[in-house]
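Read in order, the letters of the sequence shown are residues -8 to 253 in my numbering.
All C-beta atoms, glycine included, are put in the ideal place defined by N, C-alpha and C.
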Amino acid sequence: MGFTNIRLEREEAVAIVSVCRPDKLNALNDATLEELTTAFTELKADAQVRCVILTGGEAKRPAFVAGADIAELAQQTPLEGKRRSHFGQGLCDLIENLGKPVIAAVNGFALGGGLELALACHIRLASADARLGLPEVTLGIIPGYGGTQRLPRLVGLGIALELITTGRMMDAEEAARHGLVNSVCEPAELMPAARKLAAKVVANGPLAVRLALESALRGRSQPLAEALGYEANLFGFISASADMREGLQAFLEKRRAEFKGT
Ligand code: COA
C-alpha cells in the first residue's frame, strides 16, 4: 500500500523503513504510528525479508524521530492518552517480536517516542551527531511507549532514571559508553554500516536467527532455569531443520551454506 509519512524500500532480503515528516523532525503523529504498524505487520509476514533497518528520513535537522507529536498530545483526554500509549507500545512490541533483526540507524534526534522505537529494535547504530533522550518530564508527561521499561533493562536502572527524571539528552558517544547504542559512525557512514550489519544477518540461517532472538527476548522475563529450559527446547527443535543440516554440512565440506529458512 502507499504511505504518506513513511517510506518502505526493499533491497533483496533487507527492508528499509524511513520515517518521513521532514517539517516536524519526523515526529510520530497518530497517522505515522498507524503506517509504521501496517508496514511492520507486512514485513513480519514477508518471508523474503530477513532483516529491517529503521531510520529517519531527511528532515530540517538530522532526525531519527523527535518524539510523539506534541501538537496531538496537547489535545488528549486521559482515555485518548491511554489508547495512544497502548498503540505506541503495540508498535514497539511488534518491532521487538518481528522474528527478524531490526537495526535502528539513529541519524539525529531520537527523543521520547523516537528513542522508545529505537529501544524496541534489536541493534542500534548512531551517527556522531545523534542526540538521544526521554524529555517527556520537561513537558509534564511521562514516557508512554515503553521507555520506562526498556531503557532500564538496556542500560541499568541508575543511568535510566537519570535520563528519565532529568529529561537530558545524551550525545552518541555517551550513549555508546552506556550501551544505549552499539557503535557510532560519521553521518555519511551510518547507512553503509547498517547495510553491512544487515548483510551479515541475512547470510545466516533465518530460522536460527529467529529462534535465537526469541530465546534471548523471551528469557528476559523468565527465571534463569525456565529460560534455559526454553533455550534447550529451541536447540532441540532446530535440529529438525533442513537449515541445520545444510549449515553443519557446508562447514564440513568447506563451502558456503545455502540456507532456505526451513
Ligand atoms: N512534536 C511535534 N513537532 C515537533 C516535535 C515533536 N516531538 N519535535 C520537533 N517538532 C517540530 C517543531 O515544532 C518545529 O515545527 P515548526 O517549524 O512548524 O515550528 C520543527 O519540528 C523543527 O523543530 P525546532 O524545535 O524548530 O528545531 P530545533 O532545532 O530548534 O530543536 C529539538 C530541535 C529536537 C531540540 C526540538 O524540536 C524539541 O525539543 N522537540 C521536542 C522533543 C520532545 O520533547 N520529544 C518528546 C515528545 S513526547
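- When DSSP assignments are scanned along the region 148 to 230, the uninterrupted stretches of alpha helix (DSSP H) that are 4 or more residues long and fall wholly within it turn out to be 148 to 157, 163 to 168, 181 to 193, 197 to 210 and 215 to 229.
- Apart from sequence neighbours up to five positions away, the residues of its chain that approach G137 with a beta-carbon distance below 6 Å are Q80, C83 and E107, ordered along the chain.
- The C-beta of L70 has fewer than 16 other C-beta atoms within 10 Å across all chains shown, which makes the residue exposed.
- Between ligand 1 and the CB of F100, the shortest heavy atom gap is smaller than 7 Å.
- Here A57 is near F100, since their CB atoms are less than 8 Å apart.
- Linking A22 to E127 through their CA atoms gives a straight-line distance of about 21 Å.
- A Cβ-Cβ distance of about 27 Å is found for the pair I7 and I61, leaving them out of contact under the 8 Å criterion.
- For E177 against A119, the beta-carbon gap comes to about 6 Å, under 8 Å, which counts as contact.
- By the criterion of a C-beta distance shorter than 8 Å, P53 is surrounded in its chain by G47, N98, G99, F100, S118, D120, A121 and P178, once the five residues flanking it on both sides are discounted.
- At the C-beta level, L171 and M182 stay beyond 8 Å of one another.
- Judged by DSSP secondary structure, L239 falls within the alpha helix (DSSP H) whose first and last residues are A233 to L243.
- A straight line joining the alpha-carbon of E49 with that of P13 spans about 6 Å.
- For R(-2), the enclosing beta strand (DSSP E) starts and ends at I(-3) to E2.
- The three-state secondary structure of V8, taken from DSSP, is strand.
- For I155 against T139, the beta-carbon gap comes to about 6 Å, under 8 Å, which counts as contact.
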